[in-house]
Amino acid sequence: MDRSIVLALRVAPDANAPMMSLPVAHLVPGRGIEGDRYYLGVGSFPSGELPAYEVSLIEEDMYRELERAALSQGNGKALRRNIVVSGGSLATLIEQPFQIGTVLLRGLVPRRLQHLSIELLTTMRMPSGIGAQILTEGDISLGDEI
């Protein structure tokens, strides 16, 4: 993967809360990002089953595309990704271990976004980012490289 930089770290304490930006995120295996609704045990998934990943990552250009489409439809909930990066392709991290800051993660197959509208899904070139399993506890900061 070409050099990628962390541009945004985001969490929401519950499903109805807006995403909050963090300068530093603390990640814990099996839980997610400290302060996020899934870490707190109050998150939910469309299928009702917990995914294998604990954080979501998205490339900046895909995030901007999704943001434009979601805002035009009044659907801010579509923008719930934890880590936004610039540079490189996240697809190269699938099934691979990688490090950001002091955290070791493993990229997982891009998640399906079944809860989004067909109109919104058609604006994406691929499922919107990837999931990652947290392998070691640690911190990620804005500006960290992958």
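Position in the sequence shown (first residue = 1) + 16 = our numbering.
All C-beta atoms in this analysis are idealised placements derived from N, C-alpha and C, irrespective of residue type, glycine included.
In the three-state scheme derived from DSSP, where H, G and I count as helix and E and B as strand, Ala41 is classed as strand. A straight line joining the alpha-carbon of Leu121 with that of Gly103 spans about 18 Å. Counting C-beta pairs closer than 8 Å gives fewer than three between the segment 37 to 48 and the segment 103 to 113, which falls short of the contact rule. It is roughly 16 Å from the alpha-carbon of Glu83 to the alpha-carbon of Leu25. The beta carbon of His42 lies closer than 6 Å to those of Glu50 and Asp155 in the same chain, with the five residues before and after it left out.
The continuous alpha helix (DSSP H) containing Glu81 extends over residues Glu76 to Ser88.
As the crow flies, the alpha-carbon of Arg96 is around 24 Å from that of Arg19. Less than 9 Å separates the beta-carbon of Gly117 from that of Val22. Assignment of Leu109 by DSSP, reduced to helix, strand and coil, places it in the helix class. Rounded to the nearest angstrom, the gap between the Cα atoms of Gly123 and Glu81 is 22 Å. Here the alpha carbon of Gly147 sits roughly 23 Å from the alpha carbon of Leu87.
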